[in-house]
Structure formats: C-alpha cells, structure tokens
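First up is the structure itself, then whatever we jot down about it.
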Amino acid sequence: MDLVARKKLNLEVLKRHDTNICDILDQSAHAVVYKFDTEKASWEKLGYEGVIFLTQGKSAPYFGLYVLNRLSIENFSLHLTDFEEINLTDEFIIYQTSEGEHSTEKMV
Numbered sequence: 001m002d003l004v005a006r007k008k009l010n011l012e013v014l015k016r017h018d019t020n021i022c023d024i025l026d027q028s029a030h031a032v033v034y035k036f037d038t039e040k041a042s043w044e045k046l047g048y049e050g051v052i053f054l055t056q057g058k059s060a061p062y063f064g065l066y067v068l069n070r071l072s073i074e075n076f077s078l079h080l081t082d083f084e085e086i087n088l089t090d091e092f093i094i095y096q097t098s099e100g101e102h103s104t105e106k107m108v
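Structure, rendered in structure tokens:
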C-alpha cells in the first residue's frame with residue numbers, strides 16, 4: 001500500500017474515534033505511554049502501545065497526539081493544549097500535565 005493510501009486509511013480510522021480530527025501531520029510506527037510515579041521516582045507503563053499520530057483538528061483543540069492501542073480497545077489521546085511543559089529527545093516526547101508526567105516514544 002502506498003503512503004497516500006495508507007494515510008487516507010489511517011485518517012478514516014482516527015475519524016471513527018474522534019470526529020474532530022481532519023488530518024494526520026506525522027506518525028511513528030510504535031509508541032509506549034508511561035506515567036512518572038513521583039513517590040517511587042520511576043516510570044510505569046499505562047497500557048497504551050501502538051502507532052502514534054500527530055493530528056490536526058477542524059476546531060479547537062487543533063492539535064493532538066493519538067495512540068491506536070494494540071493492547072486493548074481503549075486508545076490514548078492528548079490535546080496539545082493540555083500540557084504545561086514539553087521536551088523532545090532523540091527517543092522520547094516527555095510532557096508534563098497538571099496530572100503528572102507521561103512519556104511516549106518520539107515520532108519520526
């Protein structure tokens with residue numbers, strides 16, 4: 001399947017989960033979502049693993065991250081208005097929300 005057809009198919013799937021999504025800006029084949037446990041000073045997996053998409057919405061919130069979960073039917077989404085701080089490294093996107101820190105593998 002060529003890239004244009006794959007993007008169209010992925011966009012159709014994402015729109016079934018969130019009707020506000022109108023475009024895929026970038027994606028990576030695999031991501032894992034973690035939460036930082038401040039009491040244990042360690043990262044714990046949240047049970048979301050799969051393809052990660054940087055999406056654009058038709059209306060606010062205009063940008064977000066979406067992980068189509070391969071482990072269960074519950075997917076992970078984050079509106080990019082929901083963070084206080086974001087850092088990019090070669091391997092990770094680390095962001096902090098008012099609920100704590102989470103990590104996903106970097107989008108390529």
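No gaps in the numbering here: position 107 of the sequence shown is 107 in full-length UniProt numbering, and each next residue is one more. Glycine residues also receive a C-beta, built at the ideal position from the N, C-alpha and C atoms.
- Where GLU12 is concerned, the enclosing alpha helix (DSSP H) starts and stops at 3–17.
- In this structure, GLY57 lies away from LEU78, with their beta-carbon atoms at least 8 angstroms apart.
- By the CB criterion at 8 angstroms, ALA31 and GLY50 fall inside the cutoff.
- Close CB contacts of TRP43 within its chain, under the 6 angstroms cut and outside five residues either way in sequence, are with TYR34 and PHE36 (chain order).
- In this structure, the CA atom of LEU14 is about 14 angstroms from the CA atom of ALA5.
- In summary, THR55 is buried, with 16 or more beta-carbon neighbours lying within 10 Å of its beta-carbon over all protein chains present.
- Separation of ASP18 and SER59 (C-alpha to C-alpha, rounded to the nearest whole angstrom) is 12 angstroms.
- Under DSSP, LEU80 takes part in no beta bridge, so it has no partner.
- For ASN20, the closest alpha carbon among the candidates GLU12, ILE52 and LEU88 is that of GLU12.
- Excluding five sequence positions before and after LYS7, the CB atoms of its chain that fall closer than 7 angstroms to its own CB belong to ILE24, given in chain order.
- Between TYR62 and ASN75, the C-beta gap is not smaller than 8 angstroms, which leaves the two residues out of contact.
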